[in-house]
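Throughout the first sequence, residue numbering follows this note's numbering, covering 18 to 643 in sequence. The C-beta atom is built at its ideal place from N, Cα and C for all residues, glycine as well. It should be emphasised that the depicted structure is a prediction, and the values quoted were computed from it without experimental measurement.
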Amino acid sequence: MLRNDLCELISASIDSLIGTEDFPNTAHRGVEITDSKSPEHGDFACNYALVATKSIGKPPRFVAELLRDALLAQNSPLVSEIDIAGPGFLNIRLSPTALGAYVQWVLTTGTAFSRPVKSRTQRINVEFVSVNPNGPVTVGSGRGAAFGETLCRVLIAAGNEVHREYYYNDGVNSEQMRMFAESVRSYVQQLPFPEKGYRGDYVQDVAARLMHAPPDANVDWFQEASQAMMLEKQKEDLLAFRVRFDTWYGEQSLHTSGEVKRCLDELEQKGVADTKPYRRVIKFGKGGVVNEVVDEPQTDSSKEDDEDDGDAAPTVDDVVAPTLWLRSTKFGDDMDRVLRRRDGRLTYISSDVAYHKDKFQRPANADKLITILGPDHHGYIGRLHAVLAALLRSGADTEENNRAALELAREKLEVLIFQIVRFVKDGKPAPMRKRDGNIYALIDLIKEIGVNAAPHASSTEQAEIGADVARFFYLMRSHDTHMDFDIDLATKQNDENPVFYVQYAHARICSVLDKAAEAGLRAAAEPQVEHVREIALLKKILDLPNEVERAAQDYGVHRLATYAVELARSYHHFYDACRVVDAEEPETSQSRICLCEAARIALQSVCGLLGVRTPERLERAESSVS
RNA sequence: GCGCUCGUAGCUCAGUGGAUAGAGCGCUUCCCUCCGGAGGAAGAGGCCGUAGGUUCGAAUCCUAUCGGGCGCGCCA
18 MLRNDLCELI SASIDSLIGT EDFPNTAHRG VEITDSKSPE HGDFACNYAL
68 VATKSIGKPP RFVAELLRDA LLAQNSPLVS EIDIAGPGFL NIRLSPTALG
118 AYVQWVLTTG TAFSRPVKSR TQRINVEFVS VNPNGPVTVG SGRGAAFGET
168 LCRVLIAAGN EVHREYYYND GVNSEQMRMF AESVRSYVQQ LPFPEKGYRG
218 DYVQDVAARL MHAPPDANVD WFQEASQAMM LEKQKEDLLA FRVRFDTWYG
268 EQSLHTSGEV KRCLDELEQK GVADTKPYRR VIKFGKGGVV NEVVDEPQTD
318 SSKEDDEDDG DAAPTVDDVV APTLWLRSTK FGDDMDRVLR RRDGRLTYIS
368 SDVAYHKDKF QRPANADKLI TILGPDHHGY IGRLHAVLAA LLRSGADTEE
418 NNRAALELAR EKLEVLIFQI VRFVKDGKPA PMRKRDGNIY ALIDLIKEIG
468 VNAAPHASST EQAEIGADVA RFFYLMRSHD THMDFDIDLA TKQNDENPVF
518 YVQYAHARIC SVLDKAAEAG LRAAAEPQVE HVREIALLKK ILDLPNEVER
568 AAQDYGVHRL ATYAVELARS YHHFYDACRV VDAEEPETSQ SRICLCEAAR
618 IALQSVCGLL GVRTPERLER AESSVS
């Protein structure tokens with residue numbers, strides 16, 4: 018690929034210099050090139066001389082001159098001119114005649130050209146969305162869905178094997194699900210509505226479909242029936258958002274199989290869980306310094322006498338089993354966590370232990386787990402690492418072994434937190450949970466965008482348009498930054514919408530290629546790339562593998578959305594300056610057809626990663642009708 | 001209090017330690033005899049929150065500080 022080929026060329030030049038009089042063996046080796054910002058600085062810039070000046074012991078401009086001469090001596094067909102500028106930049110101008118081969122390469126490789134040169138082959142489990150089946154997927158979770166799913170596509174494009182996973186708490190231990198079932202039941206059986214019950218139309222929708230319930234149906238029955246329904250609804254909504262999972266994993270299965278109990282026994286044997294009646298709390302100061310370690314004696318919190326009884330011994334009235342503590346403070350957590358409550362019920366953390374053990378089987382022998390969580394879950398990270406570290410620790414219960422286990426856990430499990438999304442409509446924030454108990458569902462956002470952006474399209478087409486726009490909007494911003502989702506921009510002002518800008522570039526290419534075919538023009542066998550805007554477009558196209566590589570490395574998938582806009586812009590610039598279909602210049606036309614096709618492939622490739630369609634034509638918005 | 005995160009154009013946000021900090025929206029103009037004008041060109045708009053430090057060079061790295069958001073349950 019272009020960039021790598023250039024880097025290798027420069028590396029070879031440096032190698033040829035090393036050991037000569039002015040170039041000691043200790044000279045710096047790494048080579049980086051960047052795009053030039055303005056055309057008068059050539060096509061690429063190399064800052065080697067600036068970086069290496071110290072290790073060589075000569076002034077940067079002197080080093081730059083040596084490097085330039087060495088580069089020119091290689092007589093590469095790629096390079097036409099090299100200038101030295103500013104403090105010692107090497108400005109490299111490409112030779113147009115050598116670029117056609119790269120166009121050809123894109124055409125023959127197809128959308129797979131986006132695969133990075135250095136491909137990775139890790140087996141990775143990515144868990145995302147994972148909201149409990151007590152309501153539809155909200156617009157808030159939509160960000161996690163878009164981010165997680167595109168991250169999966171990027172990781173796959175970079176050569177990894179990826180397993181998409183969704184985890185939900187469906188056990189009878191889940192108080193949320195319990196309350197949801199109670200709420201549904203109260204509608205069906207005309208019982209008093211529970212105090213903290215779930216309101217909202219979707220609860221009544223579920224209830225309406227469960228009117229056939231046997232008269233003696235209890236909460237368990239309702240929980241099973243209603244969560245099955247909500248799961249179906251979630252699957253359906255996510256599918257409309259082009260998100261599908263390889264595994265839907267229910268917590269209850271871990272209890273049913275006895276795996277949770279087995280794991281707890283294992284932890285007890287290892288000495289990282291016990292029933293001693295205290296909780297250790299570590300108070301951290303600035304920079305993670307341990308300020309204070311307190312072992313709080315356990316009191317009976319189920320007795321609500323909150324008058325001072327600081328050192329009262331636990332009463333044992335309703336104690337079925339002693340509290341089982343995970344000593345997670347051994348593994349960097351700031352307090353020990355409860356695995357089994359005093360009444361014998363197990364907490365969600367206990368199932369997390371069994372779950373994370375099992376997770377490494379998907380894909381088989383997984384190298385890494387990635388868990389994507391919402392902004393309200395970042396306090397969860399330390400807990401998860403502690404759970405995994407407790408599982409992974411080998412050897413005795415020593416500080417050294419525990420620290421090593423924590424380090425391993427942090428390496429094996431990456432927890433990514435996406436930040437909150439604020440929805441703005443009519444210039445005002447639109448709440449995700451409304452006062453009447455209804456929530457702002459992802460599927461409603463998709464439909465709303467589609468209806469407004471394309472009022473005359475069919476409802477299925479509207480849903481597709483809504484998914485295009487919603488995915489793109491979520492992905493435009495870095496996942497770890499707070500973002501505003503401007504619904505007005507996503508819908509009404511669709512003329513200025515970046516999604517349509519990108520899709521329009523694709524439709525325009527298709528239109529141009531159609532015109533070219535009508536004129537009897539064919540693709541050139543050996544395309545030439547000469548015009549500045551042709552070169553700029555090709556450079557942008559060839560950047561895609563680098564963008565994929567970076568995104569797979571640091572999870573910055575939002576840069577692909579930025580890239581898509583830039584690529585579209587490069588095409589529009591090219592289109593503006595370079596006429597493609599011109600019967601009087603058939604050779605130029607044929608070369609440009611190749612470039613158009615390469616641009617089309619790049620657009621399809623990046624949109625494929627973003628989960629955005631590339632239609633061959635766009636219907637005109639009604640606003641353009643006067 | 002502690003932790004995570006963000007402060008960049010009027011607004012929403014990009015920005016790999018590099019040259020004169022970018023885009024979209026909004027504002028002022030211009031360009032269809034021409035492959036789709038959902039496009040292109042030009043202009044105005046900035047002490048990159050503040051103060052130090054690291055070095056040839058800092059929006060970017062470090063420290064401090066101010067300001068917003070979120071989180072710190074035997075809820076998940």
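- If we count the other Cβ atoms within 10 Å of its Cβ and call it buried at 16 or more, is R160 buried or exposed? On the first sequence, position 143 is the one that residue 160 refers to. So R160 ends up on the buried side.
- Assuming S587 and L612 make a contact with CB atoms under 8 Å, what is their CB distance in whole Å? The residue labelled residue 587 in the question sits at position 570 within the first sequence. The residue labelled residue 612 in the question sits at position 595 within the first sequence. No, S587 and L612 are not in contact; Cβ-Cβ is about 11 Å, not under 8 Å.
- Task: Tell me whether E268 sits in a helix, a strand or coil according to DSSP, three-state version.
- Result: Position 251 of the first sequence, counted from the first residue, corresponds to residue 268. Secondary structure at E268: coil, using DSSP grouped into helix, strand and coil.
- Query: How many Å lie between V516 and I552 at the Cα?
  - Reply: Taking the first sequence and counting its residues from 1, the one referred to as residue 516 is at position 499. Taking the first sequence and counting its residues from 1, the one referred to as residue 552 is at position 535. Approximately 25 Å between the Cα atoms of the pair.
- Between the region 450 to 459 and the region 142 to 158, are three or more C-beta pairs nearer than 8 Å? Taking one beta carbon from each stretch, the region 450 to 459 and the region 142 to 158 have 3 or more pairs nearer than 8 Å; the two touch.
- Task: Please list, in chain order, all residues of the same chain as V134 whose beta carbon is under 7 Å from its beta carbon, the five residues on each side excluded.
- Result: Numbered from 1 along the first sequence, position 117 holds the residue referred to as residue 134. If we look at V134 and ignore the five residues flanking it on each side, its Cβ neighbours are M18, N21, P562.
- Query: Which of helix, strand or coil does DSSP assign to T51?
  - Reply: In the first sequence, counting from the first residue as 1, residue 51 sits at position 34. Strand, per DSSP.
- Item | For H180, the first and last residue of its enclosing alpha helix (DSSP H) | Mapped onto the first sequence, residue 180 falls at position 163. Per DSSP, H180 lies in no alpha helix (DSSP H) segment; the continuous beta strand (DSSP E) that holds it begins and ends at 178 to 185.
- Could you please give me the residues that DSSP links to V370 through a beta bridge? Taking the first sequence and counting its residues from 1, one reaches residue 370 at position 353. DSSP output for V370 lists no bridge partner at all.
- Message: Taking the alpha carbon of A470 as the reference point, which residue from S200, A600, I504, D39 has its own alpha carbon closest?
- Response: Position 453 of the first sequence holds residue 470. A470 has its Cα closest to that of I504, out of S200, A600, I504, D39.
- Could you please give me the residues that DSSP links to R110 through a beta bridge? Counted from its first residue, the first sequence places residue 110 at position 93. When DSSP reads this structure, R110 sits in a beta bridge with E98.
- Message: Could you check whether the Cβ of A87 sits closer than 8 Å to any heavy atom belonging to the ligand ZN?
- Response: Of the ligands one can find in the structure shown there are none, so the ligand ZN has no counterpart to examine.
- Item | Reference F591, options E602, I558, E268, closest by Cα | The residue you call residue 591 lines up with position 574 of the first sequence. The candidate whose alpha carbon is nearest that of F591 is I558.
- Taking the C-alpha atoms as reference points, what is the distance between L626 and N235? As a first step, residue 626 must be located in the first sequence, where it is residue number 609. As a first step, residue 235 must be located in the first sequence, where it is residue number 218. When rounded, the distance between both Cα atoms is 46 Å.
- Message: My output table needs one value for T155: the three-state DSSP class, helix, strand or coil.
- Response: For the purposes of this step, residue 155 is taken as the residue at position 138 of the first sequence. Here T155 carries a strand assignment [DSSP, helix/strand/coil].
- Task: Quickly, what does DSSP pair A447 with across the bridge? List them, please.
- Result: Residue mapping note: residue 447 aligns to position 430 of the first sequence, counting from 1. Beta-bridge annotation (DSSP): A447 is paired with F440.
- Between the beta-carbon of V260 and the beta-carbon of M228, is there less than 9 Å? Numbered from its first residue, the first sequence carries residue 260 at position 243. Numbered from its first residue, the first sequence carries residue 228 at position 211. No, they are not a contact pair.
- Query: Which class does N190 belong to by DSSP, given the choice of helix, strand or coil?
  - Reply: The count along the first sequence starts at 1 and reaches residue 190 at position 173. Residue state, collapsed to three classes: coil.
- Between which two residues does the beta strand (DSSP E) harbouring R617 extend? The residue you call residue 617 lines up with position 600 of the first sequence. R617 -> not in any beta strand (DSSP E); alpha helix (DSSP H) instead, spanning 603 to 627.
- Task: Buried or exposed for T606, please, with buried defined as at least 16 other CB atoms from any protein chain shown within 10 angstroms of its CB.
- Result: Here residue 606 refers to the residue found at position 589 of the first sequence. According to the sequence as given, residue 606 is Ser; it is not Thr. Flag for S606 reads buried.
- Query: Can you tell me the Cα-Cα spacing of I173 and P232, whole angstroms?
  - Reply: Within the first sequence, the letter at position 156 stands for residue 173. Within the first sequence, the letter at position 215 stands for residue 232. Distance between the alpha carbons of I173 and P232: 50 Å.
- Using DSSP bridges, identify the partner residues of A290. On the first sequence, residue 290 is found 273 positions in, with the first residue counted as 1. DSSP, once it has assigned bridges, lists L343 as partnering A290.
- Task: Using 10 angstroms around the beta-carbon of A422, count the other beta-carbons present and answer buried if the total reaches 16, otherwise exposed.
- Result: Counting from one through the first sequence, the residue named residue 422 turns up at place 405. Under this definition A422 is a buried residue.
- Query: With 16 other CB atoms within 10 Å as the buried threshold, where does T340 fall?
  - Reply: As a first step, residue 340 must be located in the first sequence, where it is residue number 323. Buried, since its Cβ has 16 or more Cβ neighbours within 10 Å.
- Query: Taking just the CA atoms, how far does S411 sit from R216?
  - Reply: Within the first sequence, residue 216 is the residue found at index 199, counting from 1. Within the first sequence, residue 411 is the residue found at index 394, counting from 1. Distance between the alpha carbons of R216 and S411: 48 Å.
- Task: Find out if the Cβ-Cβ distance for the pair L89, A115 is shorter than 9 Å.
- Result: As a first step, residue 89 must be located in the first sequence, where it is residue number 72. As a first step, residue 115 must be located in the first sequence, where it is residue number 98. No, Cβ-Cβ distance for L89 and A115 is not below 9 Å.
- Item | Residue nearest to R132 in terms of C-alpha spacing, selected from D282, T51, S112, R170 | Stepping through the first sequence from its first residue, residue 132 is reached at position 115. Cα-wise, what sits closest to R132 is R170.
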